[in-house]
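Protein chains in written order, with the working numbering: chain A, 1 to 245; chain B, 246 to 466.
A quick write-up on the structure given underneath.
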Amino acid sequence: MKLPRALDFLQNPERFMTVSRWLAPTLGVLAAALILPALWLTLTAPGDYQQGSTVVLLPIHVAAAWMSMFVYACLGGACFLALVFRQVLADAAAKAAAPLGAVFTALTLIIGSLWGRPMWGTWWVWDARITSVLILFLLYLSYLALRAAIEDETKASRMASILAMVGLVNLPIIHFSVVWWNSLHQGSSTFGADDGDSLPTVYLVPLLLMVLGFMAAFGSLWLVRIRGEVWRRRARAAALRAAGA
Amino acid sequence: MSAFSALLRREFSLAFGRGGGPLLALAFYACVTSLAPLAAGRAPETLAAVAPGLAWLALALASLLSLERLFERDYEDGALDLLALGPIPLELTCATKCLAQWLATGAPLALAAPIAAIALGAPVSLAPLTVLAALIGGLSFAFLGGLGASLSLGSRRGGMLVAVIVLPLFTPPVIFGAGALWAFGEGLPWASGLLLLGGYTAAAVALAPIGMAAACRNALS
Numbered sequence: 001m002k003l004p005r006a007l008d009f010l011q012n013p014e015r016f017m018t019v020s021r022w023l024a025p026t027l028g029v030l031a032a033a034l035i036l037p038a039l040w041l042t043l044t045a046p047g048d049y050q051q052g053s054t055v056v057l058l059p060i061h062v063a064a065a066w067m068s069m070f071v072y073a074c075l076g077g078a079c080f081l082a083l084v085f086r087q088v089l090a091d092a093a094a095k096a097a098a099p100l101g102a103v104f105t106a107l108t109l110i111i112g113s114l115w116g117r118p119m120w121g122t123w124w125v126w127d128a129r130i131t132s133v134l135i136l137f138l139l140y141l142s143y144l145a146l147r148a149a150i151e152d153e154t155k156a157s158r159m160a161s162i163l164a165m166v167g168l169v170n171l172p173i174i175h176f177s178v179v180w181w182n183s184l185h186q187g188s189s190t191f192g193a194d195d196g197d198s199l200p201t202v203y204l205v206p207l208l209l210m211v212l213g214f215m216a217a218f219g220s221l222w223l224v225r226i227r228g229e230v231w232r233r234r235a236r237a238a239a240l241r242a243a244g245a
Numbered sequence: 246m247s248a249f250s251a252l253l254r255r256e257f258s259l260a261f262g263r264g265g266g267p268l269l270a271l272a273f274y275a276c277v278t279s280l281a282p283l284a285a286g287r288a289p290e291t292l293a294a295v296a297p298g299l300a301w302l303a304l305a306l307a308s309l310l311s312l313e314r315l316f317e318r319d320y321e322d323g324a325l326d327l328l329a330l331g332p333i334p335l336e337l338t339c340a341t342k343c344l345a346q347w348l349a350t351g352a353p354l355a356l357a358a359p360i361a362a363i364a365l366g367a368p369v370s371l372a373p374l375t376v377l378a379a380l381i382g383g384l385s386f387a388f389l390g391g392l393g394a395s396l397s398l399g400s401r402r403g404g405m406l407v408a409v410i411v412l413p414l415f416t417p418p419v420i421f422g423a424g425a426l427w428a429f430g431e432g433l434p435w436a437s438g439l440l441l442l443g444g445y446t447a448a449a450v451a452l453a454p455i456g457m458a459a460a461c462r463n464a465l466s
């Protein structure tokens, strides 16, 4: 696959290492610069007339929920590139993305549960959205489990890539299959909501800042983890060379 | 076509030879079903409310049973190499394995499903729909299970791994099938659940062999 020169670092490990060396910390600083004001705005926002102070949890919850799906899309895309075009960096990227996605998904579930206790009066319900996020979490876990269970690294990565792409096809189906149930979880109040349901600006601004901050944080951590993976492979290759010499 | 029928016969007799074939799966199904009232409470009215769902859940679990050996044995003794070299495309070989798995365990389980549901307290009128849903759902369980089995080729903890891979993918058929049975029991329109189940199964039958063949080629490479 031929990429334009500016994007060449996505498939050339050498160029990737030079670009990610400054891109990863830059994104990290950007993440802090977005998340800290978002937290400050959330904490100082007036309490909702129904939800009181628990509304503070929502920007984190919603941002993490979006990230959990976004990261799975990244994982699926990376697996596709690794499987079809045999891109070494894409494989490292898939390996690096999966635990991060699992963490975002777990964060969504935990924060949502903490919010649900005072607001709904229950930690957990078997509702459509909650269940589909839980299954997304299980998909991440099965990817990680499969990857860990096969000793041969190349084979493990291809098997796991196939699984991730199967999961990608299944994700919308799983989502709509659980929507079939009646649900307690409220619908979306950000895009396409009725006027009465839409989010007021005091909450919308911190939410958007939080989402952008999470994006930047994910980008930074992802790059750092891919760098670690590249280093690990180089170290292994060097050890093999040394053993052979 | 003769190669295909020979392969189907081989897989079918292997499925029967593999630890008792349908008998083991049926015994497992009976065990899970009889544990259900002990765990969920034996009051008839509580049990009857969840009977179709429990029968359906036990079906999903029972179809996991012999998956581990579906590809593993052929992989270990080299038969999978020969099958990959043979005249039949590997995709069709994998699909045949799953089809034989379904004929050997899925179909007998589908016939046992209404007995389990009725024993747990479901109305007798539910029996035909239970068989139909279990036949369709069992086909998707077999193909998704085959996908999980082929993906875990070459790993050490085969059985548990297959379950972890496959159970999230079982979610839609479990919801659609149990939903159709529940709706029928409540006197609501139930056809949409069955149609969705059929659609999911059709997609699984069409797409899973591609993934299985890719996984087998990778394991053999």
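Cβ coordinates follow ideal geometry from the N, Cα and C atoms, glycine included.
Asked	Found
Answer with buried or exposed for Ala-148(A), where buried requires no fewer than 16 other C-beta atoms within 10 angstroms of its C-beta.	exposed
Is there at least one Cβ from chain A nearer than 8 Å to Arg-401(B)'s Cβ?	yes
By the criterion of Cβ-Cβ separation under 7 Å, what are the contact partners of Ile-410(B) in chain A?	Ser-142, Leu-146, Leu-163
Which chain B residues are close to Leu-138(A), counting only those with a beta carbon under 7 Å from its beta carbon?	Pro-413
What number of angstroms, rounded off, separates the C-alpha of Leu-163(A) from the C-alpha of Val-55(A)?	37 Å
Is the beta carbon of Leu-252(B) less than 8 Å from the beta carbon of Ala-300(B)?	no
Leaving out five residues before and five after Ala-106(A) in sequence, what residues of the same chain have Cβ atoms less than 8 Å from its Cβ?	Phe-137
With DSSP collapsed to three states, give me the class of Ile-333(B).	coil
Which residues, in chain order, does the region 204-226 of chain A contribute to contact with chain B at a C-beta distance below 9 Å?	none
Per DSSP, what are the beta-bridge partners of Ser-279(B) in this structure?	Bridge partners of Ser-279(B): none, in fact.
Taking only the alpha-carbon atoms, compute the straight-line gap between Ala-275(B) and Ile-360(B) and give it to the nearest angstrom.	10 Å
Within 10 angstroms of the Cβ of Met-405(B), are there 16 or more other Cβ atoms? Answer buried if so, exposed if not.	exposed
For Ser-466(B), which of helix, strand or coil comes out of DSSP?	coil
Residues in the region 74-95 of chain A with C-beta within 9 Å of chain B's C-beta atoms, listed in sequence order?	Leu-83
Taking the alpha carbon of Leu-134(A) as the point to measure from, which residue in Ala-394(B), Ala-367(B), Pro-413(B), Leu-377(B) has its own alpha carbon closest?	Pro-413(B)
Report all residues from its chain with a CB closer than 8 Å to the CB of Gly-76(A); omit the five preceding and five following residues, and keep chain order.	Ala-164, Met-165, Gly-167, Leu-168
Note down, in chain order, every chain B residue with its Cβ under 8 Å from the Cβ of Ala-149(A).	Ser-397, Ser-400, Arg-401, Arg-402, Leu-406
What residue range does the alpha helix (DSSP H) around Asp-319(B) cover?	313-322
Can you give me the C-alpha to C-alpha distance between Phe-429(B) and Val-277(B), rounded to a whole angstrom?	24 Å
Check whether the Cβ atoms of Leu-354(B) and Leu-304(B) sit closer than 8 Å, and answer yes or no.	yes
Quick one: measure Cβ to Cβ for Val-407(B) and Ala-394(B), integer angstroms, because I've assumed they're closer than 8 Å.	6 Å
Tell me the rounded alpha-carbon separation between Trp-120(A) and Ile-381(B).	38 Å
Helix, strand or coil for Ser-113(A) per DSSP?	helix
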